[in-house]
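Report on the following structure.
2 protein chains.
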Amino acid sequence: MSTVDNAPRTESPRSKRAVIIATAIDRFGEEGFEHTKWATIADDVGIGQTALYHYFESKVHCLLTIMRLELSNSVERFRAATESAPDSAAALTAAVASAYEASPRDALQRRILQNHMDLLATKRPSKKEEEERLLCRSLVQEIEHNWTGLVQKGIDDGAFRVDDALLTARMLLALVVGVWRWYRPGGEMTLEQITEVMAEAAARLVDSAEVPART
Amino acid sequence: MSTVDNAPRTESPRSKRAVIIATAIDRFGEEGFEHTKWATIADDVGIGQTALYHYFESKVHCLLTIMRLELSNSVERFRAATESAPDSAAALTAAVASAYEASPRDALQRRILQNHMDLLATKRPSKKEEEERLLCRSLVQEIEHNWTGLVQKGIDDGAFRVDDALLTARMLLALVVGVWRWYRPGGEMTLEQITEVMAEAAARLVDSAEVPART
DNA sequence: ATCTAAACTGAATTCGTCTCAGTTTGCTTC
DNA sequence: GAAGCAAACTGAGACGAATTCAGTTTAGAT
Numbered sequence: 086m087s088t089v090d091n092a093p094r095t096e097s098p099r100s101k102r103a104v105i106i107a108t109a110i111d112r113f114g115e116e117g118f119e120h121t122k123w124a125t126i127a128d129d130v131g132i133g134q135t136a137l138y139h140y141f142e143s144k145v146h147c148l149l150t151i152m153r154l155e156l157s158n159s160v161e162r163f164r165a166a167t168e169s170a171p172d173s174a175a176a177l178t179a180a181v182a183s184a185y186e187a188s189p190r191d192a193l194q195r196r197i198l199q200n201h202m203d204l205l206a207t208k209r210p211s212k213k214e215e216e217e218r219l220l221c222r223s224l225v226q227e228i229e230h231n232w233t234g235l236v237q238k239g240i241d242d243g244a245f246r247v248d249d250a251l252l253t254a255r256m257l258l259a260l261v262v263g264v265w266r267w268y269r270p271g272g273e274m275t276l277e278q279i280t281e282v283m284a285e286a287a288a289r290l291v292d293s294a295e296v297p298a299r300t
Numbered sequence: 086m087s088t089v090d091n092a093p094r095t096e097s098p099r100s101k102r103a104v105i106i107a108t109a110i111d112r113f114g115e116e117g118f119e120h121t122k123w124a125t126i127a128d129d130v131g132i133g134q135t136a137l138y139h140y141f142e143s144k145v146h147c148l149l150t151i152m153r154l155e156l157s158n159s160v161e162r163f164r165a166a167t168e169s170a171p172d173s174a175a176a177l178t179a180a181v182a183s184a185y186e187a188s189p190r191d192a193l194q195r196r197i198l199q200n201h202m203d204l205l206a207t208k209r210p211s212k213k214e215e216e217e218r219l220l221c222r223s224l225v226q227e228i229e230h231n232w233t234g235l236v237q238k239g240i241d242d243g244a245f246r247v248d249d250a251l252l253t254a255r256m257l258l259a260l261v262v263g264v265w266r267w268y269r270p271g272g273e274m275t276l277e278q279i280t281e282v283m284a285e286a287a288a289r290l291v292d293s294a295e296v297p298a299r300t
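Residue numbers (our numbering), protein chains in the order written: chain V, 86 to 300; chain W, 86 to 300.
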């Protein structure tokens, strides 16, 4: 599962899809989606405006693709981080930490995702947009499901003392992703610091017997 | 501080501003801002499209106004809820509860606010939009400041065991407002249930000595 | 050298937001 | 009860950004 891929399994070497996505992440993340003109991205990439339609059906289709890629990476990071955890407390810490493994561009991509979640709620008019939207929705569900599973296991273990696993998972997610609203690379806090402090907070939220070790 | 007011201190009796805002909340909240055509709102209200410009400089100006009103109400609810709290733990519970005093339309309004927070980050081209944006920003800051104050007092009391008051306040806010992403009136959980469970979660998050009493 | 599919282009279209140049409405004041 | 006035409103059209159309160019395979 690479960072930037899409429908065509084998990407043509002269394809600019990856460049377009990277540029769009920078622009959408920095200046906002609505505020960014589609034409600007074409200029940045160095192609005509209409060439963009060779790769994406619409500006929103590009946005949804960016969101879907991020969700898909997120699922993968969660899996990789939690699979070898010895116990529930460690799994929680690892899951939280996996959310903050991010390059500056990843941070932008996650901000974009957070800021446009509402797009996933309503049907899209065009074929490919709707396709990406549904993919996003099922990935969101998968993420919720994975976190719920983690919490449930902790409850069963006796490690976490909360009632409702799904609700707790949603709380943890809100807590974890909320960071992307204010985090800026080079800001007051580094991602390492954030990771530590959020892991502790998550542990308290589930009323974990064991608070994660300081790094 | 009424639910729907604006610049003109004394609203003309034949003004439709309040109706427009209510309609816009319903539409923007239900179908999304981008997806809602400005003309639709004019139709719903029963006026011509251009009449809207008598009240708002633009569609975004209307959106920002809705957000500003919600933020302003939120500040007021927080104040009213916490002023008479006997101790920090009670203040936290009251603050959380105040976030969920909401009619169905209020719920939509808070969803709109959450979904468009990113608008507050970048400068607006037109006069009134920018004015509302700056108001929104200072209200957001005020809210953060109020929550930070609450947490700091708890720390000083010895009631809460966390390090960073501002960061904790942000966590609490993320936790609390995250609910509006999934809450639906008539859904699996009522606002009363949400209030209780979120108050407990908030208490655990600050590592409060005292967990709030069950209702 | 030819063929093909991907990559690309400039010109024109569409569609929603917004401006303009006024008109109507209801209240106040004489 | 007519004149004056500001708020409320309107239809016609301008504007700007996304998108479509009708092709042309390019790079690599045969």
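From the three backbone atoms N, C-alpha and C, an ideal C-beta is built for every residue, glycine too.
(message) Is it the case that the stretch 201-217 of chain W contacts the stretch 244-258 of chain W, given that we only count it when at least three CB pairs across the two stretches are under 8 Å?
(response) no
(message) Beta carbons nearer than 8 Å to chain V: which residues of the stretch 135-164 of chain W have them?
(response) none
(message) If you reduce the DSSP assignment to three classes, tell me which class LYS212/W lands in.
(response) helix
(request) Have a look at TRP267/W, ARG195/W, GLN199/W, PHE245/W and flag the residue whose alpha-carbon is nearest the alpha-carbon of ALA288/W. (result) PHE245/W
(message) According to DSSP, simplified to helix, strand and coil, what is GLY73/W?
(response) Nothing can be reported for residue 73/W: it is not among the residues displayed for chain W, which extend from 86 to 300.
(message) Can you pull the chain V neighbours of TYR255/W, defined as C-beta to C-beta under 9 Å?
(response) Here residue 255/W turns out to be Arg, not Tyr, going by the sequence shown. Simply GLY263, VAL264, ARG266, TRP267.
(request) Enumerate in chain order the residues of its own chain whose CB-to-CB distance from TRP265/W is below 7 Å, with the five nearest sequence positions on each side excluded. (result) ALA192, ARG195, ARG196, GLN199
(message) Considering only their Cβ atoms, is the gap separating GLU96/V from HIS146/V smaller than 7 Å?
(response) no
(message) Contact defined as beta carbons within less than 8 Å: I believe TYR140/W pairs with ARG102/W. What is the distance between those atoms, to the nearest angstrom?
(response) 5 Å
(message) For chain W, check one thing: does any of its Cβ atoms lie closer than 7 Å to the Cβ of HIS230/V?
(response) no
(request) Please list the residues of the stretch 207-227 of chain V that have a C-beta atom closer than 9 Å to any C-beta atom in chain W, keeping them in chain order. (result) THR207
(request) Mind checking which residues open and close the alpha helix (DSSP H) that includes VAL291/W? (result) Premise fails: VAL291/W is in no alpha helix (DSSP H) and is neither H nor E.
(request) Let me know if GLY263/W comes out buried or exposed under the rule of 16 or more other beta-carbons within 10 Å of its beta-carbon. (result) buried
(message) Beta-carbon within less than 6 Å of LEU276/V's beta-carbon, same chain only, minus the 5 sequence neighbours each way: which residues are those?
(response) TYR185
(request) Anything in the stretch 281-293 of chain V with a Cβ closer than 7 Å to a Cβ of chain W? List those residues in chain order, please. (result) VAL282, ALA286, ARG289, LEU290, ASP292
(request) Count the other C-beta atoms from every protein chain shown that fall within 10 angstroms of the C-beta of ARG112/V, then say buried if there are 16 or more, exposed otherwise. (result) buried
(message) Within a Cβ cutoff of 6 Å, which residues of the same chain sit near SER211/W, ignoring the five residues on either side of it in sequence?
(response) GLU142
(message) At the level of alpha carbons, what is the spacing between PRO270/W and ALA187/W?
(response) 10 Å
(message) Using the Cβ count rule (16 or more neighbours within 10 Å means buried), how would you classify GLU217/V?
(response) buried
(request) Assign ARG99/W to buried or exposed, taking buried as 16 or more other Cβ atoms, counted over all protein chains shown, within 10 Å of its Cβ. (result) exposed
(request) For ASP292/W, collect the residues of the same chain with a Cβ closer than 7 Å to its Cβ; drop the 5 residues on either side in sequence, then sort them by chain order. (result) PHE245, ARG246, VAL247
(message) Please confirm whether PRO114/W has its beta-carbon closer than 7 Å to some beta-carbon of chain V.
(response) One detail in the question is off: residue 114/W reads as Gly in this sequence, not Pro. No, GLY114/W does not count as interfacial toward chain V.
(request) Compare the C-beta of ASP203/W with all C-beta atoms of chain V and state if any pair is closer than 7 Å. (result) yes
(message) Does the CB of LEU235/W have a neighbour CB from chain V at under 7 Å?
(response) no
(request) State whether the stretch 120-129 of chain W contacts the stretch 103-110 of chain W, with contact taken as three or more CB pairs (one from each stretch) at a distance under 8 Å. (result) yes
(request) Kindly say whether LEU198/W, judged by its beta-carbon, lies nearer than 7 Å to any beta-carbon of chain V. (result) no
(message) Using a Cβ-Cβ distance cut-off of 7 Å, determine whether ALA276/W contacts chain V.
(response) Here residue 276/W is Leu; the residue named in the question, Ala, does not match the sequence. Judged by the 7 Å Cβ criterion, LEU276/W is not in contact with chain V.
(message) Please list, in chain order, the chain W residues whose beta carbon lies closer than 7 Å to that of LEU260/V.
(response) MET256, ALA259, LEU260
(request) If I'm right that ILE110/V touches VAL160/V with Cβ under 8 Å, what's the distance once you round it to whole angstroms? (result) Actually they do not touch by this definition, with Cβ atoms about 18 Å apart.
(message) Taking the beta carbon of GLY239/V as the centre, do at least 16 other beta carbons fall within 10 Å, making it buried, or is it exposed?
(response) buried
(request) Please go through the same chain and pick out, in chain order, the residues whose beta-carbon is closer than 6 Å to the beta-carbon of TRP267/V, but skip the five residues on each side of it. (result) none
(request) In the DSSP assignment, find the alpha helix (DSSP H) that holds TYR140/W and state where it starts and stops. (result) 137-140
(request) Inspect the beta-carbon positions of CYS221/W and MET274/W and report whether they are closer than 7 Å. (result) no
(request) Determine the extent of the alpha helix (DSSP H) in which GLY114/W is found, giving its start and end residues. (result) 102-116
(request) Compare the C-alpha of ARG162/W against each of ALA176/W, PRO171/W, ASP172/W and name the closest. (result) ALA176/W
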